[in-house]
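Trainee: Just so we're aligned: 601 in this note's numbering is position 439 of the sequence shown, and the numbers increase by one with no gaps anywhere.
Each residue gets a CB set at the ideal place from its N, CA and C atoms; glycine is no exception.
Please read all numbers here as calculations on a predicted model, not as lab measurements.
Sharing a structure here in structure tokens format.
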Amino acid sequence: MAESAAQEFAYLQRLTPKEAVEYLQRRGRLTQTFSWMDLWHDEHAQQFTVSRLARVDLLKAMQDGITKSVQGDLSRQDWTRDIRGLLKSAGWWGEVDVLDPVSGSVVSTKFDSPRLKLIFDTNTRMANSAGRWERTWRNRSSHPYIRYITRGDERVRESHRAWNNLVLPSDDPFWETHWPPNGYRCRCRVTSMTQREYDRGYSEFRPAYEYNEDGTVKGIPDIERIPFKKTAPAESLIEWKNRRTGEVSMVPEGVSPGFDYNPGLSRARLDMLQQVGLRKIDDLPAPIRKAAMSPVVSEGVSADFAQAISQAYEQLPEGARRSVAAAGYEVRVVDRIIKAAPELAGKKYEELDGLTRFSNRQILIAEQAFDTSTISWMAANSQRGATVLAHEFGHALDEIHRLAETPAVAAAWRKESEALAAYLPSADEGLADEIRYFVQPWPRGALETVAELYALRHGAGTATFLQVVGAFPETRAALDQVLAEKGL
């Protein structure tokens, strides 16, 4: 059987696919995005997405197929054929219009063979890149140096050509932002080196053969010795603005925005954060440990509201509080969401009194939210704040422990959400809105249901009309079992 493109790429880098497969499998969260800028750096190590593909079942099929390809069970040709068939049957082949929830406008996207090729190549190369880092870092005691290598042809970007034959220690900061691929369709690679190879000071290269008109070789070119570049180039940064979030960042010159990170290092950092965080928290003296795990209160919050949230926080299970703190989350009590996150102003976040920001590792609980019916800012009572805290805590725990993706929880939610959706035609407006909220397409509806059930487990829920416990009894039972097993 012919090698798949992913296998060939792995072989060229002398990389067994094991680490690459693990990287793909650990990207557990399927995320609907509407621009390549919606997920950034470390978020890609946790989540799998295809821009403007608003069907999570199709995302799942793409992810599973790419994982099989890296394992060697499916070629790119097979993957493309299968995904093309799925997209056609689902009405997603060719030009498709989708609603962008950020801008509120209808945008067009196109799925065709070149797009599928780019999706496949980018994901397999990033997976192999992550696997290469894990293997290189694991073997750094015997191979402490890393060499950057281009393909050496006319297609190589000039900026990447300048890094060819650069050899630096494996812990040099250069590799945090310049680990290939460094752009779409980048074919650069790296290889690890021993101290002896580094001390030799050069690599060997044989130029391409030249041929006579009759096809015979004119002669075998001599092997050339190319001296190593042993000093990292001076870093030149370019300002780049994310049009989706408005965030401005500095990107190394020559690296495409969104590629200026090391996917293997990002995944390792996230994998280690939980355990390292737990050990650090456990090692702290009791008073300091309590302070480190307590909510941070911002200016403008009333004393009564701050006290109520602090008390509600203390009543949550210690295992849950330790887990959230160890994952790097900060619980912050604010007067308004948009004061803590001004970049969200004008995007309906003013109406929220609670928000979990996964990328920022923040749980925001707001005392005030904008009421569109009265056109004014309304203060939440203490009970509402405690309820929102538990709900947002459920979101954070789900992100850390993948609660909604537990097979028993996922199966129960799918069954019960389908049954609940049948009540929509006869429900009044308020109840219908809440039903729609909890039966949104997977995984959004499941994530909200899990967070709400977690809130109900520790008091009241955020829903006003829908009895969520009664609507999702099997989901609740499955979730309760998972939480008990994990001590959450």
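May I ask you to verify whether the stretch 552-560 touches the stretch 533-543, counting CB pairs closer than 8 angstroms and requiring at least 3?
Mentor: These segments do not touch.
Trainee: Does DSSP put Ser-321 in a helix, in a strand, or in coil?
Mentor: In the sequence shown, residue 321 corresponds to position 159, counting from 1. Helix, per DSSP.
Trainee: Mapping DSSP to helix, strand and coil, what is Phe-656?
Mentor: No information on residue 656 is available, as it lies outside the stretch 163 to 650 that the chain covers here.
Trainee: Buried or exposed for Val-612, please, with buried defined as at least 16 other CB atoms from any protein chain shown within 10 angstroms of its CB.
Mentor: Translated into the one-based positions of the sequence shown, residue 612 becomes position 450. Buried is the call here.
Trainee: Flag this pair as yes or no: are the beta carbons of Asn-326 and Thr-312 separated by less than 8 angstroms?
Mentor: Residue numbering aside, residue 326 sits at position 164 when the sequence shown is read from its first letter. Residue numbering aside, residue 312 sits at position 150 when the sequence shown is read from its first letter. Yes, Cβ-Cβ distance for Asn-326 and Thr-312 is below 8 angstroms.
Trainee: Tell me the DSSP secondary structure of Phe-656 in three-state form.
Mentor: Residue 656 is absent from the model: the chain starts at 163 and stops at 650.
Trainee: Give me, in chain order, the residues of the same chain whose beta-carbon lies closer than 7 angstroms to that of Leu-593; leave out the 5 immediate sequence neighbours on both sides.
Mentor: Against the sequence shown, residue 593 aligns to sequence position 431. So the list reads Phe-627, Leu-628, once near-sequence residues are dropped.
Trainee: With DSSP as the reference, identify every bridge partner of Tyr-414, one or two as the case may be.
Mentor: Residue 414 sits at position 252 when you count from the first residue of the sequence shown. In the sequence as presented, Tyr is not what sits at residue 414; that position holds Pro. BP columns for Pro-414 point to Leu-399.
Trainee: Counting C-beta neighbours from all protein chains within 10 Å, is the total for Leu-609 16 or more, i.e. buried, or is it exposed?
Mentor: Within the sequence shown, residue 609 is the residue found at index 447, counting from 1. That one is buried.
Trainee: Should Phe-467 and Gly-345 be called a contact, given that it needs their Cβ atoms to be closer than 8 angstroms?
Mentor: Position 305 of the sequence shown holds residue 467. Position 183 of the sequence shown holds residue 345. Cβ atoms of Phe-467 and Gly-345: not closer than 8 angstroms.
Trainee: Report the residue from His-305, Ala-541, Arg-484, Asp-533 whose alpha carbon sits nearest the alpha carbon of Asp-497.
Mentor: Your numbering for residue 497 matches position 335 in the sequence shown. Answer by Cα proximity: Ala-541.
Trainee: Can you check the stretch 454-497 for any beta strand (DSSP E) of at least 3 residues that lies completely inside it and give the ranges in chain order?
Mentor: If we require 3 residues or more, the beta strand (DSSP E) runs fully inside the stretch 454-497 come out as 492-496.
Trainee: Using 8 angstroms for Cβ pairs, my map puts Glu-257 next to Lys-272. What's the rounded Cβ distance?
Mentor: To locate residue 257, count along the sequence shown from 1; it is residue 95. To locate residue 272, count along the sequence shown from 1; it is residue 110. Glu-257 to Lys-272, Cβ: 5 angstroms. Contact.
Trainee: Use the C-beta contact count for Ile-281: other C-beta atoms within 10 angstroms, 16 or more gives buried, fewer gives exposed.
Mentor: Here residue 281 is taken as the residue at index 119 of the sequence shown, counted from 1. Buried is the call here.
Trainee: Say yes only if the C-beta of Thr-378 is nearer than 7 angstroms to one or more non-hydrogen atoms of the ligand GDP, and no if none qualify.
Mentor: Questions concerning the ligand GDP fall outside what the structure shown contains, since it holds no ligand whatsoever.
Trainee: Taking contact to mean at least 3 C-beta pairs separated by less than 8 angstroms, is the stretch 387-397 in contact with the stretch 312-321?
Mentor: Touching, no, given that fewer than three Cβ pairs across the two stretches are closer than 8 angstroms.
Trainee: Check this for me: beta carbons of Ser-291 and Pro-425, under 8 angstroms apart or not?
Mentor: Here the question's residue 291 lines up with position 129 in the sequence shown. Here the question's residue 425 lines up with position 263 in the sequence shown. Result yes, Cβ atoms of Ser-291 and Pro-425 sit closer than 8 angstroms.
Trainee: Quick one: residues in its chain with C-beta nearer than 8 angstroms to the C-beta of Glu-386, no 5 flanking neighbours on either side, listed in chain order?
Mentor: Sequence index remark: in the sequence shown, residue 386 carries index 224 (1-based). Taken in chain order, the residues that qualify are Glu-366, Phe-367, Arg-368, Pro-369.
Trainee: Should the stretch 515-529 be called in touch with the stretch 484-495, which here means at least 3 C-beta pairs below 8 angstroms?
Mentor: Touching, yes, given that three or more Cβ pairs across the two stretches are closer than 8 angstroms.
Trainee: Alpha carbon to alpha carbon, how far is Tyr-599 from Ala-252? Give it in angstroms, no decimals.
Mentor: Counting from 1 along the sequence shown, the entry for residue 252 is found at position 90. Counting from 1 along the sequence shown, the entry for residue 599 is found at position 437. Cα to Cα, Ala-252 sits roughly 24 angstroms from Tyr-599.
Trainee: Pull up the distance between the alpha-carbon of Val-631 and that of Asp-590, whole angstroms please.
Mentor: Position 469 of the sequence shown, counted from the start, is the residue given in the question as residue 631. Position 428 of the sequence shown, counted from the start, is the residue given in the question as residue 590. If I take the Cα positions, the gap works out to 19 angstroms.
Trainee: Just tell me which of Ser-275, Arg-277, Asp-259, Leu-278 has its CA closest to the CA of Val-269.
Mentor: In the sequence shown, residue 269 corresponds to position 107, counting from 1. Taking only the C-alpha atoms, the option nearest Val-269 is Asp-259.
Trainee: Let me confirm a value: Ala-502 is counted as buried when at least 16 other C-beta atoms fall within 10 Å, else exposed. Which label applies?
Mentor: On the sequence shown, residue 502 is found 340 positions in, with the first residue counted as 1. Buried.
Trainee: Starting from Ile-499 and walking both ways along the alpha helix (DSSP H), at which residues does that stretch end?
Mentor: By one-based count along the sequence shown, residue 499 stands at place 337. Where Ile-499 is concerned, the enclosing alpha helix (DSSP H) stretches over 499-502.
Trainee: Check whether the Cβ atoms of Phe-634 and Glu-567 sit closer than 8 angstroms, and answer yes or no.
Mentor: Against the sequence shown, residue 634 aligns to sequence position 472. Against the sequence shown, residue 567 aligns to sequence position 405. In this structure, Glu-567 does not lie closer than 8 angstroms to Phe-634 by Cβ.
Trainee: Exposed or buried, what is Glu-614 when buried is set at 16 or more other beta-carbons lying within 10 Å of its beta-carbon?
Mentor: The count along the sequence shown starts at 1 and reaches residue 614 at position 452. That one is buried.
Trainee: In the DSSP assignment, the beta strand (DSSP E) including Trp-254 goes from what residue to what residue?
Mentor: Along the sequence shown, read from residue 1 onward, the residue named residue 254 stands at position 92. Unbroken run through Trp-254: none, as it is neither H nor E.
Trainee: Which first and last residues belong to the alpha helix (DSSP H) in which Trp-341 is found?
Mentor: Along the sequence shown, one-based indexing puts residue 341 at 179. That residue, Trp-341, is in no alpha helix (DSSP H); it is neither H nor E in DSSP.
Trainee: Could you give the C-beta distance for His-305 and Met-355, rounded to a whole number, given that I count them as a contact under 8 angstroms?
Mentor: As a working mapping, residue 305 is identified with position 143 in the sequence shown. As a working mapping, residue 355 is identified with position 193 in the sequence shown. At roughly 6 angstroms, the Cβ-Cβ gap stays under 8 angstroms, so His-305 and Met-355 are in contact.
Trainee: Would you kindly report the start and end of the unbroken beta strand (DSSP E) that includes Ser-538?
Mentor: Looking up residue 538 in the sequence shown gives position 376. Run containing Ser-538: 538-541, per the beta strand (DSSP E) assignment.
Trainee: So, is the C-beta of Ile-562 closer than 8 angstroms to a C-beta in chain B?
Mentor: Considering every chain present, this structure includes no chain B. It has just one protein chain.
Trainee: Take Lys-279 as the anchor and find which of Arg-294, Arg-246, Phe-520, Asn-301 has the nearest alpha-carbon.
Mentor: Looking up residue 279 in the sequence shown gives position 117. When each option's Cα is compared against that of Lys-279, the closest is Arg-246.
Trainee: Mapping the DSSP letters down to three states, classify Arg-606 as helix, strand or coil.
Mentor: The residue given as residue 606 occupies position 444 in the sequence shown. Three-state DSSP puts Arg-606 in a helix.
Trainee: Specify, as a first and last residue, the run of the beta strand (DSSP E) that Val-268 falls within.
Mentor: Here residue 268 refers to the residue found at position 106 when the sequence shown is read from its first residue. Counting along the chain, the beta strand (DSSP E) containing Val-268 begins and ends at 268-273.
Trainee: With 16 as the cutoff for other CB atoms within 10 Å, does Ser-485 come out buried or exposed?
Mentor: In the sequence shown, counting from the first residue as 1, residue 485 sits at position 323. So Ser-485 counts as buried.
Trainee: Determine which residues share a DSSP beta bridge with Asp-533 and list them.
Mentor: Within the sequence shown, residue 533 is the residue found at index 371, counting from 1. Note: Asp-533 sits in a beta bridge opposite Ser-538.
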